[in-house]
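*Asks:*
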Amino acid sequence: MYLTNEKTKHSSWVGSYKTRKWNDVTSIIYFEKVYGGKGLLKKIKLEAENTGLHFNSSMIQENETHTWLASGWSVVERLNVLSVNLRNLELSNTISQNFENFTKNNINELVSLDKSIFDPYWQNSEAAFIETLDSCNQNYLFKQYDEDLLVGYAILGVTRNFSFLQRFGISLGYQNKGHGSELLKNVLSFAKDNKYTNIRLNTQENNKAAKSLYVKHGFELTKTNFTILNAS
């Protein structure tokens, strides 16, 4: 009922919501509220308690979590939003390379690569990549190689002149070797060359290495934070 590959919409007298499996390697249910308030959230919390199921919310702005917390949900992840103003960013003369339009044809390769980059909890499913693809008007895939071996990737989504770093990672065995900086410079050069206004991204609050990399390359923490909440 809930652990489907694609989002499934559910409706009841207390509200409407969508669910799918969180990814392919956990039993967590992704929960996205369409409409409804405390009644809906309490209903899902009670169902979780009665069945042993685990529901994780979509990203919720931190200043909008009161109703969730009052309904018995708890914060399990906190994400910081960072942004870089590309107009003010100075870059050395770097030519963007190893990028292409991100399409469904890339997804199988990235699902496999994710396993070498992220903990199981943060790995993307095929459905999650499709949702990423659908979330912006244009999407670009940047690949990072160690000689001929693909060791990392980034996805930049663009809507009008605003861009979003939707996904970014380097395989664990190839981190701390300059690949992250090289990949990020590639993305920044592409975005600046195409006259995008800025790039925004989010990352886990406790991911100090990622935040350090982003800040090193001109990103700044914003006042916006997101949370992921759990009912179990």
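Per the working numbering, the very first residue in the sequence shown carries number 80; after that it's consecutive. Note that beta-carbon positions come from the ideal geometry of N, C-alpha and C, so glycine has one too. Since the structure is predicted, the reported quantities are computational estimates derived from the model, not experimental observations.
Do Lys-100 and Tyr-109 come within 8 Å of each other at the CB atom, strictly closer than that value?
*Replies:* yes
*Asks:* DSSP on Asp-198, reduced to helix/strand/coil?
*Replies:* In this structure, DSSP gives Asp-198 a state outside helix and strand, which the three-state scheme calls coil.
*Asks:* Pop quiz: Thr-182 and Asn-216 are said to be a contact at Cβ under 8 Å. What is the actual Cβ separation, rounded to whole angstroms?
*Replies:* Contact flag wrong, Cβ pair sits at about 14 Å.
*Asks:* Report yes if the C-beta distance between Phe-221 and Val-266 is below 8 Å; otherwise report no.
*Replies:* yes
*Asks:* Along the chain, where does the alpha helix (DSSP H) containing His-296 start, and where does it finish?
*Replies:* Unbroken run through His-296: none, as it is neither H nor E.
*Asks:* In chain order, what are the residue ranges of uninterrupted alpha helix (DSSP H) at least 4 long that sit wholly in the region 241-296?
*Replies:* 258-272 and 287-295
*Asks:* According to DSSP, what are the bridge partners of Asp-225?
*Replies:* Leu-228
*Asks:* Using the Cα positions of Thr-301 and Gln-223, report the straight-line distance between them to the nearest angstrom.
*Replies:* Going from the Cα of Thr-301 to the Cα of Gln-223 covers about 28 Å.
*Asks:* Classify Leu-220 as helix, strand or coil using the three-state DSSP reduction.
*Replies:* Strand at Leu-220.
*Asks:* Between Glu-210 and Gly-248, what straight-line distance do the alpha-carbon atoms span, to the nearest angstrom?
*Replies:* 18 Å
*Asks:* Jot down the residue ranges of each uninterrupted alpha helix (DSSP H) in the region 98-159, minimum 4 residues, whole runs only, in chain order.
*Replies:* 117-130 and 145-149
*Asks:* Enumerate in chain order the residues of its own chain whose CB-to-CB distance from Leu-161 is below 8 Å, with the five nearest sequence positions on each side excluded.
*Replies:* Arg-279, Leu-280, Asn-281, Thr-282, Lys-290, Tyr-293, Val-294, Phe-298, Glu-299, Leu-300 and Thr-301
*Asks:* Are Val-113 and Lys-97 touching if we call contact CB-CB under 8 Å?
*Replies:* Cβ distance < 8 Å, so Val-113 and Lys-97 count as in contact.
*Asks:* What is the C-beta distance between Trp-152 and Leu-119, in whole angstroms, given that I count them as a contact (C-beta under 8 Å)?
*Replies:* Your pair Trp-152 and Leu-119 does not check out as a contact, with CB atoms roughly 11 Å apart and the cut at 8 Å.
*Asks:* Could you check whether the Cβ of Trp-201 sits closer than 8 Å to any Cβ belonging to chain D?
*Replies:* Going by chain labels, chain D is absent from the structure shown, which holds only one protein chain.
*Asks:* Nearest by alpha-carbon distance to Gly-259: which of Asp-272, Ile-139, Ala-233 and Leu-165 is it?
*Replies:* Ala-233
*Asks:* Could you compute how far the alpha carbon of Leu-251 sits from the alpha carbon of Leu-189?
*Replies:* 15 Å
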